[in-house]
Structures are given as C-alpha cells and as structure tokens.
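Since the structure comes first, as structure tokens, the remarks are kept for the end.
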Amino acid sequence: MAQHHLVVLIHGLQGNTGHMKFMEDRFKKLNQEEEYREENYIVFNMKANDDKDTWSNNWSKTGDGIQNGGDRLISELKERIEGKVDEFDEKVEHKISFVGSSLGGLYCRYVMGSLFDNEKEKIVVQLKEKCFIFQLENYVAMASPLISVRCLVSTFFHYGMKAFFYKGTGNEMLLDDSNQSEEAMICKLASPKLNYYQALKSCKRRIALCSCKKDETKVAYQSSAIAPYRDISDNQTDKSKPLPHLKSKLVKSVCYDEEGAFIEDLKNVDKSRFYFNGDSKATWIAKLISNLRQMSWMRADVDLYHAQAAIVNENRSEIADLVLKLWTL
Numbered sequence: 044m045a046q047h048h049l050v051v052l053i054h055g056l057q058g059n060t061g062h063m064k065f066m067e068d069r070f071k072k073l074n075q076e077e078e079y080r081e082e083n084y085i086v087f088n089m090k091a092n093d094d095k096d097t098w099s100n101n102w103s104k105t106g107d108g109i110q111n112g113g114d115r116l117i118s119e120l121k122e123r124i125e126g127k128v129d130e131f132d133e134k135v136e137h138k139i140s141f142v143g144s145s146l147g148g149l150y151c152r153y154v155m156g157s158l159f160d161n162e163k164e165k166i167v168v169q170l171k172e173k174c175f176i177f178q179l180e181n182y183v184a185m186a187s188p189l190i191s192v193r194c195l196v197s198t199f200f201h202y203g204m205k206a207f208f209y210k211g212t213g214n215e216m217l218l219d220d221s222n223q224s225e226e227a228m229i230c231k232l233a234s235p236k237l238n239y240y241q242a243l244k245s246c247k248r249r250i251a252l253c254s255c256k257k258d259e260t261k262v263a264y265q266s267s268a269i270a271p272y273r274d275i276s277d278n279q280t281d282k283s284k285p286l287p288h289l290k291s292k293l294v295k296s297v298c299y300d301e302e303g304a305f306i307e308d309l310k311n312v313d314k315s316r317f318y319f320n321g322d323s324k325a326t327w328i329a330k331l332i333s334n335l336r337q338m339s340w341m342r343a344d345v346d347l348y349h350a351q352a353a354i355v356n357e358n359r360s361e362i363a364d365l366v367l368k369l370w371t372l
C-alpha cells in the first residue's frame, strides 16, 4: 500500500462542518490533479463538536473548553482512521496536516500534542489492534486566537464571552481559566516543556492566515499573526521575507517569518494592543509571543471578513489555493 496524506479540518466556535466544506471539497479534488496525485490525500472534516439540531447545542459543543472539545476530536479521529484501516498500511509512515478555523486552530494544537510521541517526534495513533505513525507536515491556523483575545475585543464582548461560556471556552480565550496550581490552557499549548509545543515545532510548516481587517469583535490580527497591527505593506522585520508573487485581491501580503521575527519589534509597540494596562496576565502574553516566535511561520494577511471570520467558500476560493501553494514552498 502507498503512503497517504491525512488532512484534518476543524471548525471553530459555534461552527459546523459546513464552515470547512469548501476546503474539504478542494482537498478531495487534489487526487485528480497530477501535481498532487502522489500525496494520496484523505480528508476528515471533523464533526465531533458539530451539533446542528439546535442553536443552543451548537454553542455548547464548542463552549466547554479546549480540552473537552479536543478529546471529542481525538475520539472521532481514531474512529475515522479505524473506519479506513484497510487504506492505511501500518508498515508505512504516513503524513498528517491540520487546518483549524478560529478556535479550531487551538483544537488542532491540543489534538496534535495529545497524540505526539516525543521520542519518535511523530503523531502516533494507537487503535485497538493497530498503531499508525504520521509525520507532521502542515499546521494551518485561520484567524486563530494564538495568544488569546484578552484586551483584543471590546469590553462588551469580553463580558459576553464570560457569560455565555462560564468556566469554559470563554474563560480560556481570556486567560481566566488559571489558578495557583495550573496554567491557563492557551499558555499550556505554548509551553516548551509540553508536547503541544513540541508537536507544533515538529511541523514542517506553520501557516498563519490573519484577518487584516480591524474587527475587534472577532479574532484580532495581533493574536492570529503573533505580531503588532500595522500598515500591511510595512508589517515586516529584518527576519521577514516577503513573497509578493502570492498576493491577490483578497491576499494582501504573504511573508516567511524566520525564528525570532517581531520579538524585538514587540518591545517597542503599544502594549495596550496586547493586554490591559496593569494587567496581571501581561507577562503571560509576552511569554506566549516569545515562545511561539521561536519558530518560523508563514504569515498571510488576508481579507477574511465574515460573520464567522475564517469561513472559506466559493467567493474566497483563492484562500484555499493559497494554502496549497504555501504547502509546496
């Protein structure tokens, strides 16, 4: 049997599989294209946190925290691999890529870290009778709150999140889920001591698609880009390599950010764009930025404006094409 490339698509807060349907269809067509045929793509549009029965259930499936939602996704991933066990050769090391929309980008990090074998530096999926090993290829975060949304949303939205998602996802997005004995979940995901960070570091590529519109009711640019919000044409450092040939109507800027990019710049920008004045969590956010910027990133500043910030559909087909182009660099 041949090697396969498994692509895992994970939607975000109050989302459903329909939000990732266009991406799913695009990836499935790749096996018919000569350029990608050898990859033998298998696509899982994950539905563990998707409940279309009622509006309230849909919220609750993504409102109970990253760990609970992530554990449901891990169970589904194992079940779906089990369902295709005849297609995956246990003796072959396969590839795996994760694409997360908004909160889905953090779910991806939890799933990756939970299944990551630190000695092998691979994803290991242990089923009842078989064990499959996957090389981490790509991590794609589409408008994901990589450093939380603390101070990046309006006061109204801040308290609204806490009200709707008390002790769950809302608290985690605001770094309010910590106590004296335990770190905030988003901080855990970026801790070099833990597998979540090591899994991310092991990816061949880390791609951040960042909404370049200043819409503070959704995921702000600073959190998805791990960079200050500036004029798009000037949002570079001496450790950023622009890729102008990838620009388009919706794709305003694409850069390859080397390890350490923006760390020095962040010392000189208005810190109120990242945390409150006198905020007790300021050092946490600074550490999140520093840890995540120890890795290289491909960063695309994209017009993702939508009621659900990171939906890609037929009107944004070039964004799906951009992801594929970045995968081949």
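Every position in the sequence shown, counted from 1, becomes a number in the numbering used here once 43 is added. Beta carbons: idealized from backbone N, C-alpha and C, even for Gly.
Residue range of the beta strand (DSSP E) that residue i falls in?
{"i": "Phe87", "result": "84-88"}
From residue i to residue j, what does the alpha carbon distance come to, in whole angstroms?
{"i": "Glu41", "j": "Leu170", "result": "Only positions 44 to 372 of the chain appear in the structure, and residue 41 is not among them; the question remains open."}
{"i": "His62", "j": "Ala184", "result": "14 Å"}
{"i": "Met338", "j": "Tyr79", "result": "27 Å"}
{"i": "Asn111", "j": "Asn88", "result": "18 Å"}
{"i": "Arg115", "j": "Tyr153", "result": "11 Å"}
{"i": "Gly148", "j": "Leu56", "result": "10 Å"}
{"i": "Ala329", "j": "Pro287", "result": "30 Å"}
{"i": "Ala350", "j": "Thr280", "result": "A caution first: Ala350 carries a pLDDT of 46, below 50, which makes its placement in the model unreliable, though a value can still be read off. Straight-line Cα distance between these residues: approximately 31 Å."}
{"i": "Asp322", "j": "Leu217", "result": "12 Å"}
{"i": "Lys127", "j": "Leu179", "result": "19 Å"}
{"i": "Ile190", "j": "Ala45", "result": "38 Å"}
{"i": "Val167", "j": "Ile250", "result": "22 Å"}
{"i": "Glu136", "j": "His47", "result": "8 Å"}
{"i": "Lys295", "j": "Cys151", "result": "26 Å"}
{"i": "Phe177", "j": "Lys236", "result": "22 Å"}
{"i": "Asp308", "j": "Trp340", "result": "16 Å"}
{"i": "Lys290", "j": "Lys173", "result": "44 Å"}
{"i": "Leu331", "j": "Asn214", "result": "17 Å"}
{"i": "Tyr239", "j": "Ser267", "result": "17 Å"}
{"i": "Thr371", "j": "Cys255", "result": "24 Å"}
Give me whichever residues DSSP pairs with residue i in a beta bridge.
{"i": "Gln169", "result": "Cys174"}
{"i": "Ser140", "result": "Val50"}
{"i": "Arg342", "result": "Ala251, Cys298"}
{"i": "Ala184", "result": "Gly143, Ala251"}
{"i": "Phe159", "result": "Ile166"}
{"i": "Leu179", "result": "Ile139"}
Could you give the first and the last residue of the continuous alpha helix (DSSP H) run that contains residue i?
{"i": "Phe305", "result": "From DSSP, Phe305 is part of no alpha helix (DSSP H); its letter is neither H nor E."}
{"i": "Leu365", "result": "360-370"}
{"i": "Gln110", "result": "109-126"}
{"i": "Met216", "result": "212-216"}
{"i": "Asn334", "result": "325-335"}
{"i": "Met66", "result": "64-72"}
Quick one: is residue i near chain C, going by C-beta distance under 8 Å?
{"i": "Asp300", "result": "Annotation note: the requested chain C is absent from the structure, which comprises a single protein chain."}
Open item on the list: Please give the ranges of any beta strand (DSSP E) in the segment 223-292, keeping only runs that are unbroken, at least 3 residues long and fully inside the region.
Closed with: Within the segment 223-292, the complete beta strand (DSSP E) runs of at least 3 residues are 248-254, 283-285.
- [ ] For the segment 220-234 and the segment 297-304, state whether three or more C-beta atom pairs, one from each stretch, are separated by less than 8 Å.
- [x] The segment 220-234 makes no contact with the segment 297-304; the number of CB pairs closer than 8 Å stays below 3.
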